[in-house]
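The opening position of the sequence shown corresponds to residue 23 in this note's numbering, with each subsequent residue numbered one higher.
Virtual Cβ for every residue (Gly too), placed ideally from N, Cα, C.
Just below is one structure, and these are the notes that go with it.
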Amino acid sequence: MSEAKDRLLRIAHKRTQAPRSCLTDEIRSRLGEIRLDRWVVPEDMSLGYYTPFWEELSEEERRALNHWVYALTYSRIRNGECYVLETNAAISAYLRPHAPAVAELLDRESAEEVDHVDAFDLARGRVCEVIGLGDWRWPTKRGNGVISSPTAIRGLLRTFGSDYVVSYFLGRGLANHMGKGFEAPIARDAEGCAATRELSLQHTLDESHHMAVSGLMAAAAPELVPGSSPRRGALYRRMFRGLQQGIVRYTFGQTIYKSHERRLSHAALARVPALAKRSPAFRRELVEAHFEATSGLERSRNKVMPRPNRRLLDGAALCEEDRQLWEQELVAGQGNLRFFG
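This is how it looks when you write it as structure tokens:
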């Protein structure tokens with residue numbers, strides 16, 4: 023048994039016995055603390071902070087743009103956690119005959135994710151209400167419905183076996199590190215809203231366990247289901263290469279994500295009362311300048327991601343060719359991010 027599998031089984035035993043917190047109840051009791059007079063993310067993460075427009079903005083406008091970044095980024099995190107729910111369920115069923123303790127661990131994670139999604143919905147809804155977007159509807163990124171469907175995930179497991187499990191948890195681990203770059207500064211921000219700070223703090227504690235599981239699953243998945251890694255023939259290799267490229271480009275490609283978040287920001291800021299006196303041209307140029315510059319969120323992620331990303335990739339159960347593919351694709355699509363420094 024490898025060290026990774028041994029650690030995974032020990033974590034599974036410990037985590038499935040531990041009591042669970044309830045973030046939803048905590049944030050529901052504190053929604054009234056979320057007001058426009060407090061930052062909900064550190065000031066330098068606000069939309070427009072690293073642009074020439076920031077100096078022109080009033081305090082109310084700055085607060086509204088600060089709140090919008092919270093809502094926008096948690097929307098992305100929430101969508102990711104919904105995907106985790108579907109994928110954990112499929113992988114749990116796949117592993118249960120061979121590794122029941124790990125399947126139970128994934129079920130435990132799913133229960134935590136349900137709580138996280140509900141808590142995010144409450145906090146995000148209140149933040150939107152505060153800035154005048156109480157009836158805002160959140161469109162998902164194009165293709166999300168197909169990619170996250172249980173039928174598609176089960177099909178990928180049938181085709182790629184543990185190779186898919188490795189790829190999924192490698193991608194999940196990278197996403198965990200991106201989330202830490204957002205939430206850890208919020209959890210440390212003594213000047214910010216206490217309710218959202220506490221939510222981020224509690225969520226980072228849960229996610230620290232999920233990060234560890236991501237790395238160990240990416241390393242040990244082929245051991246959990248013997249003979250489940252096909253790796254046969256040139257056609258399979260081409261298909262698996264395409265799968266990995268698709269995961270990286272869709273999940274982490276900044277061109278795709280920034281175009282989605284740009285569209286949302288243009289539409290939302292046109293409706294925010296705090297910016298109503300600004301011309302459409304001003305709002306448009308503000309949003310474009312923000313997404314062209316290296317934002318405060320990107321700067322934070324660039325500080326925390328490179329070393330854990332390197333350890334995660336180096337430890338994954340991939341051949342050297344596939345490892346190089348992940349690194350090349352991540353770097354090619356990273357934009358202002360620095361996945362590996």
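Item, Value
"Nearest by alpha-carbon distance to Ala133: which of Glu108, Phe304, Glu283 is it?", "Glu108"
"Roughly how many angstroms lie between the CA atoms of Ala234 and Leu297, to the nearest whole one?", "42 Å"
"Roughly how many angstroms separate the alpha carbons of Thr273 and Cys44, rounded to a whole number?", "28 Å"
"Could you tell me the distance, in whole angstroms, from the CA atom of Pro369 to the CA atom of Ser301?", "Nothing in the structure corresponds to residue 369, since the chain is present only between 23 and 363."
"From Val136 to Glu65, what does the alpha carbon distance come to, in whole angstroms?", "29 Å"
"With distances taken from CA atoms, which of Leu58, Ala338, Val247, Arg321 is nearest Gly154?", "Leu58"
"Quick one: give me the first and last residue of the alpha helix (DSSP H) that Glu307 is part of.", "302–314"
"How many angstroms separate the CA atom of Ala256 from the CA atom of Arg263?", "10 Å"
"Residues in the same chain with beta-carbon distance under 7 Å from Glu349, minus the five sequence neighbours each way, listed in chain order, please.", "Leu335, Phe362"
"Could you give the distance in angstroms between the alpha-carbon of Leu94 and the alpha-carbon of Met23?", "43 Å"
"In angstroms, rounded to a whole number, what distance separates the CA positions of Asn198 and Glu151?", "28 Å"
"State the start and end residues of the unbroken alpha helix (DSSP H) segment that holds Pro122.", "122–152"
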